[in-house]
Structure formats: C-alpha cells, structure tokens
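Undergrad: For reference, the structure I am asking about is given below.
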Amino acid sequence: MGDVVNREVLVVSHSHDRARQARTELEQQLHAHGMTVRAAEEIAPFDAVLPPQPSWLREVEVVVVLGGDGTILRAVELVRGTDVPVVGINLGHMGFLAESDVAEITDLVDQIARRDYTVERRMTIDVRAYTPDGRVHETWAMNEATVGKNRPERMIELAIGVDGRALETFGCDGVVLATPTGSTAYAFSAGGPVVWPDVDAMLLVPLSAHALFARPLVVGPASVLEVELLTRTATPATMWCDGRRTLDLPPGSRVEARRGAVPVAIARLSPGPFSERLVRRFDLPVAGWRGRGQQ
C-alpha cells in the first residue's frame with residue numbers, strides 16, 4: 302500500500318458570529334474528506350503584524366477564506382511569496398474577490414477534494430516611498446496603493462508623472478494607484494475604469510481633483526507611476542496599501558508604483574468569464590441581450 306498523502310488546507314476567517322458558524326461547517330466538511338485543517342491563528346492573530354512564515358505553510362494546498370474582500374487581502378498577506386492559491390467564500394457586502402457564497406460551501410469543498418479548480422496569477426504592484434528624511438520605504442499591494450489626505454478640511458497638493466515625466470499638478474483628496482484586480486475596488490468607487498484581471502496594466506485614478514485633466518490613466522506593465530506630495534501647502538498625507546499597510550507621508554515625499562515582482566495566486570472554481578462575475582456581483586441588468594449570432 303502506498304503512502305497516504307496528507308492534504309492541508311489553511312482556513313482564514315473573520316471573527317463575527319456568521320463567520321464562526323460557517324467556519325465550523327467548513328472545517329467539518331474538510332475533515333470528512335480526509336483533509337487536515339490549519340488555522341490562520343497558528344501564524345498570527347487577524348490584525349497582528351505578520352511574523353516570518355512557518356515552514357509548514359508551503360505544504361498547504363489551498364487557502365479557504367471566510368469573509369469579505371478585506372479578509373481575502375489578509376489571507377494574501379499570509380501566503381505572499383508562496384504558490385499557495387487563495388479562494389474566498391463571501392460573507393461581506395460585495396465580496397468581489399470571493400469565488401463562492403456561504404450557501405455553496407459543500408460544492409466548494411467537493412471541488413477542492415477533487416482538485417477541480419484552476420489557478421490564476423494576479424498582478425500586484427511594488428510600491429516605494431521616498432520621504433524627505435532620506436529614508437526609502439518599500440511595500441506592495443494586490444488591489445491598490447492610495448495616497449490620500451489625513452486632514453478632512455484640507456486638500457493635498459500632488460504632482461503626478463509616468464516614467465519620469467511630469468503630467469500634471471493639482472489639489473485633491475488623493476490618488477489611487479491600482480492593479481486590474483483593484484480596478485473594481487477603491488479605483489472603481491472613484492470613477493476609474495473596470496479592467497479585466499488578465500490585462501497587464503496599472504491605473505492612476507485621482508480623487509476629487511481640482512483640475513481640468515484629472516482623468517483616470519491606464520499605463521502598460523513596464524511603466525512606473527509616480528506621485529509627489531508638494532511642499533507649497535505643507536499638508537501631510539497618508540499612504541494605504543490594500544487598506545492594511547500604512548505610511549505617513551510628510552510634504553516633499555515621493556511615491557513610485559511599478560509592476561510587482563511577486564504575483565498572487567487565486568483559485569478559480571468556475572470557468573465562466575469575468576463578465577459573468579461583473580453581472581453577478583453588481584446585479585447588472587442584462588434583460589434584452591440576445592447573444593452572438595442571434596437575429
């Protein structure tokens with residue numbers, strides 16, 4: 302008889318009551334299929350600073366997330382740099398990154414047990430911030446890096462550029478530097494375009510800018526997006542990456558975003574096109590569509 306293969310699944314979940322109930326059901330079904338369940342709490346509490354990754358993490362087959370997009374982004378932090386894919390069960394409001402809803406736990410577990418899923422590698426951005434004290438701060442984002450004001454009564458003054466060339470300066474609430482995956486998150490709320498996740502591109506979306514040419518920009522994957530916090534108003538800003546990692550930016554700081562060196566692995570259970578997800582998540586009206594080839 303051959304060796305028994307130990308299949309490990311990491312579970313990441315929110316702490317509210319609905320998530321705890323769903324987690325109990327999920328773990329019971331995973332155990333019923335003979336899989337070992339690892340808990341994210343074995344690595345770190347939900348909002349704690351991450352320690353070095355444990356050696357067992359690379360033996361995990363898939364990460365199952367119970368929660369909204371924020372919980373999925375936490376799971377992505379946990380496995381960053383590995384090839385372990387993440388799949389989400391939506392318990393949040395929109396849950397655009399999630400693959401399934403809570404009512405579909407049984408189907409999701411069955412597909413994991415059969416290894417009936419594909420893996421997409423989503424583009425990230427690497428972010429570098431230069432502050433006037435001479436320090437260089439490096440971080441990353443799966444969805445977006447946002448440079449925004451931290452005083453509600455004051456605008457910040459920014460200069461934006463691409464590939465070392467200035468484009469414009471304006472007063473604004475901030476700018477969003479996003480990936481295609483992040484185009485349906487903060488960038489979408491700010492009026493940016495929806496970009497299909499298989500497109501290699503980066504977005505720059507101004508937030509409430511006082512300027513004539515403050516339009517969303519889409520650039521190629523080899524470009525570098527640049528934002529400078531001007532000193533003429535002496536108003537500081539804050540940078541958020543995926544809403545989780547923050548950095549205070551004094552006037553005179555500069556931020557650069559480029560294509561990330563480390564992509565994120567997302568497990569896909571449904572082979573349907575991205576357009577189907579748009580329709581489902583935003584409840585878009587499609588009545589009257591007659592389809593290709595129909596008269």
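Each residue of the sequence shown is one higher than the one before, counting from 302 in our numbering. Idealized CB from N, CA, C, for every residue including glycine. All figures in this text were calculated on a predicted structure; none of them were measured in a lab.
#1: To the nearest angstrom, report how far apart Asp464 and Ala558 are at their CA atoms.
#2: I need the straight-line Cα distance from Leu459 to Asp370, nearest angstrom please.
#3: With distances taken Cα to Cα, identify the nearest neighbour of Thr534 among Gly493, Val520, Arg455 and Pro572.
#4: Let me check one thing: in DSSP terms, what residues is Arg569 bridge-paired to?
#5: The ligand FAD and Glu529: does any heavy atom of the ligand fall closer than 7 Å to the residue's C-beta?
#6: Among Arg339, Leu367, Glu309 and Arg308, which has the Cα closest to the Cα of Arg319?
#7: Where does Gly371 fall in DSSP's three states?
#8: In angstroms, rounded to a whole number, what distance separates the CA positions of His317 and Glu421?
#9: Please report how far the alpha carbon of Glu360 lies from the alpha carbon of Val519, in whole angstroms.
#10: Excluding the 5 residues flanking Ser554 on each side, which residues of the same chain have their C-beta closer than 8 Å to its C-beta?
#11: What is the DSSP secondary structure of Glu458, counted as helix, strand or coil?
#12: Which value, in whole angstroms, describes the spacing of the CA atoms of Glu577 and Tyr418?
#13: Is the segment 386–393 close to the segment 495–505, with three or more CB pairs under 8 Å?
#14: By Cβ distance, which residues of its chain are closer than 8 Å to Pro352, with the 5 residues on each side in sequence left out?
#15: Roughly how many angstroms separate the alpha carbons of Met540 and Val364, rounded to a whole number?
#16: Taking its Cβ as the centre, do 16 or more other Cβ atoms sit within 10 Å of Ser484, making it buried, or is it exposed?
#17: Once the 5 residues before and after Arg321 are set aside, which same chain residues still bring their CB inside 8 Å of it?
TA: Answer, in terms of the structure:
#1: 10 Å
#2: 29 Å
#3: Arg455
#4: Thr419
#5: With respect to small molecules bound, the structure shown includes none, and the ligand FAD cannot be examined in it.
#6: Leu367
#7: helix
#8: 29 Å
#9: 37 Å
#10: Ala430, Tyr431, Thr432, Pro433, Glu529, Leu530 and Ala538
#11: strand
#12: 17 Å
#13: no
#14: Ile344 and Ala345
#15: 28 Å
#16: buried
#17: Ser314
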